[in-house]
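Engineer: Structure below; questions to follow.
In mature numbering (1 follows the signal peptide of the UniProt record, and there is no 0), the protein residues as written are -25 to -1, 1 to 404.
Given below as structure tokens:
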């Protein structure tokens, strides 16, 4: 009996000990540990060997295995892309990395979704194409793209890990850049003969001559050329010294130009020959006009003086047949513009207007109906003007109005003060 009781006591003690051990194991919290690199895998997409056609608004989807950190945590992801077979890191000696990094649409999801336009733009830049004008008109053949993913926990250095590489064999690009006016760049002694490249775009922003509109082929602007003998030529893109058909130079190296207050022709050709100013050049602003509408016969004119770009506001109302102030009516409003030719914020023009009751507002842009900062009333009421008097403008849709006997009227909008003021006067006032 004693022996049996002893056995029962021992068994009970073991059961209690086992329960206590199990309880301790259950009470242990998960512990973070740095992941094994092999646990983070970027999966090759099923269609990796087929053609990927990138489109604006589209998505490129990738999947990964989440790194094993030993704990449940929020993981951040990014993706590197390169046009080479392997990734090359930047070096302390100045060597550049051969890849660029993209942030997924939702950077905390192991199912990675990349914006197709962002991917397209990055791939273009890796090819040296960074603007609408640089993208070849004939398009770009499908390219092979190598990718890898990064994963990490914010502020935990040891959590960083990099996946394996995957390859998309054929990715079809499109032109992802906005269609904007192009530039011609003044390059020479005044710019320190700095290479005309994207790396120096910030410097050349101060030496850029802008196209008058998208695709016009006409460029107009001014640069300030220091006194004395200054050699220079022009580049049509920031793609390095030897980019094909990018350097516009003189027919003969060292051709001397003498700027004056009348137009002179520079007679350019696609060479790296420089023009130069004479030692007697006093220095100052020079306005250049480039006609590149015929790529095989470029033309340049130049004269002393600073170029000021004309800006416009638009006279919208009964005199223009109440045409909508939109780009669709641009041809109409080319005849009803107030012009600031000095860059001072004062817009003016004179129009011959038939007799009758005139109603109008002034719009700063051709973007459609709606409130304008140059109306008579924010509640939409009309205001009768007295010719020759200045009136304060308000944002709204109220019309200016008066009865007119016919003839020339001068409209002047002064935006140099807030609020802007509007004056209408006649030649006989």
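Using N, Cα and C, we set each Cβ at its ideal position, and we do this for glycine too.
Let me know the secondary structure DSSP gives residue 22 once reduced to three states.
Structural biologist: It is coil, neither helix nor strand.
Engineer: Thinking residue 323 and residue 385 are a contact (beta carbons under 8 Å), I'd like their distance in whole angstroms, please.
Structural biologist: Indeed they touch by this definition, with Cβ atoms about 7 Å apart.
Engineer: Could you compute how far the alpha carbon of residue 400 sits from the alpha carbon of residue 295?
Structural biologist: Straight-line Cα distance between these residues: approximately 19 Å.
Engineer: Decide yes or no for the touch test of the segment 208 to 220 against the segment 160 to 173: beta carbon pairs closer than 8 Å, at least 3 of them.
Structural biologist: Yes: at least three Cβ pairs fall under 8 Å.
Engineer: With H, G and I counted as helix, E and B as strand and the rest as coil, what does DSSP make of residue 393?
Structural biologist: DSSP places residue 393 in coil when its eight states are reduced to three.
Engineer: Is DSSP giving residue 177 helix, strand or coil here?
Structural biologist: Residue 177: helix per DSSP, three-state reduction.
Engineer: If you reduce the DSSP assignment to three classes, tell me which class residue 369 lands in.
Structural biologist: Strand, per DSSP.
Engineer: Give the DSSP-derived three-state secondary structure of residue 16 in the structure shown.
Structural biologist: Three-state DSSP puts residue 16 in coil, outside helix and strand.
Engineer: Taking the alpha-carbon positions, what's the residue -2 to residue 7 distance?
Structural biologist: In this prediction, residue -2 scores a pLDDT of 48, lower than 50, which makes its location untrustworthy; the coordinate-derived value is nonetheless stated afterwards. C-alpha separation (whole angstroms): 19 Å.
Engineer: Could you give the C-beta distance for residue 51 and residue 83, rounded to a whole number, given that I count them as a contact under 8 Å?
Structural biologist: So it is a contact: roughly 6 Å between Cβ atoms.
Engineer: Which of the three DSSP states, helix, strand or coil, is assigned to residue 95?
Structural biologist: DSSP places residue 95 in helix when its eight states are reduced to three.
Engineer: Keeping to the same chain, check which residues put their C-beta closer than 6 Å to that of residue -6; ignore five residues upstream and five downstream.
Structural biologist: For residue -6, the predicted model reports a pLDDT of 46, less than 50, meaning its position is unreliable and no value from the coordinates is stated.
Engineer: Is it buried or exposed, residue 249, if we count other Cβ atoms within 10 angstroms and call 16 or more buried?
Structural biologist: Buried, by the Cβ-count rule.
Engineer: Excluding five sequence neighbours on each side, which residues of the same chain lie with their C-beta closer than 8 Å to the C-beta of residue 391?
Structural biologist: Excluding sequence neighbours, residue 391 sits near 319, 320, 321.
Engineer: Are the beta-carbon atoms of residue 151 and residue 100 separated by less than 7 Å?
Structural biologist: No. Outside cutoff.
Engineer: I need the DSSP call for residue 303, collapsed to helix, strand or coil.
Structural biologist: Three-state DSSP puts residue 303 in a helix.
Engineer: Which one of 108, 388, 21, 258 has the shortest CA to CA distance from residue 325?
Structural biologist: When only C-alpha atoms are compared, the closest one is 388.
Engineer: Cβ atoms of residue 109 and residue 164: under 7 Å apart, would you say?
Structural biologist: No.
Engineer: When DSSP builds the beta bridges, which residues end up paired with residue 375?
Structural biologist: Paired residue(s): 335, 358.
Engineer: May I have the straight-line CA-CA distance separating residue 339 from residue 185, to the nearest angstrom?
Structural biologist: Their Cα atoms are separated by approximately 22 Å.
Engineer: With a threshold of 8 Å on Cβ separation, who are the neighbours of residue 366 within its own chain once the five nearest residues in sequence on each side are excluded?
Structural biologist: Answer for residue 366: 351, 358, 360, 375, 396, 397, 398, listed in chain order.
Engineer: Would you be able to state if there are at least three C-beta pairs under 8 Å between the segment 173 to 183 and the segment 224 to 233?
Structural biologist: No, because fewer than three Cβ pairs between the segment 224 to 233 and the segment 173 to 183 fall closer than 8 Å, the two stretches do not touch.
Engineer: In whole angstroms, what is the alpha-carbon distance linking residue 394 and residue 75?
Structural biologist: Roughly 47 Å between the two C-alpha positions.
Engineer: Using the C-alpha atoms, what's the distance from residue 261 back to residue 197?
Structural biologist: For residue 197 and residue 261, the distance between alpha carbons rounds to 5 Å.
Engineer: Which runs of the beta strand (DSSP E), 3 residues or longer, sit entirely within the segment 38 to 110?
Structural biologist: Complete beta strand (DSSP E) runs here, min 3: 51 to 57, 74 to 77, 86 to 90.
Engineer: Evaluate contact between the segment 26 to 43 and the segment 55 to 68, counting only Cβ atoms and requiring at least three cross-stretch pairs below 8 Å.
Structural biologist: Too few Cβ pairs lie closer than 8 Å, so no.
Engineer: Is it buried or exposed for residue 200, if we count other Cβ within 10 angstroms and need 16 for buried?
Structural biologist: Buried, since its Cβ has 16 or more Cβ neighbours within 10 Å.
Engineer: Where does residue 405 land, buried or exposed, given buried means 16+ other C-beta within 10 angstroms?
Structural biologist: No information on residue 405 is available, as it lies outside the stretch -25 to 404 that the chain covers here.
Engineer: I need the boundaries of the beta strand (DSSP E) containing residue 200, first residue and last residue.
Structural biologist: Counting along the chain, the beta strand (DSSP E) containing residue 200 begins and ends at 193 to 200.
Engineer: Quick one: using the 10 Å Cβ neighbour count with 16 as the cut-off for buried, is residue 211 buried or exposed?
Structural biologist: Burial call: buried.
Engineer: For the segment 298 to 311 against the segment 265 to 283, do three or more pairs of beta-carbon atoms, one drawn from each stretch, fall closer than 8 Å, so that the two count as touching?
Structural biologist: Result no; under three Cβ-Cβ pairs closer than 8 Å.
Engineer: According to the neighbour-count rule (16 or more other Cβ atoms, all chains shown, within 10 Å of its Cβ), is residue 195 buried or exposed?
Structural biologist: With 16 or more other Cβ atoms within 10 Å, it is buried.
Engineer: Ignore the nearest five residues each way along the sequence and tell me which others in residue 105's own chain have a CB closer than 8 Å to its CB.
Structural biologist: 99, 152, 173, listed in sequence order.
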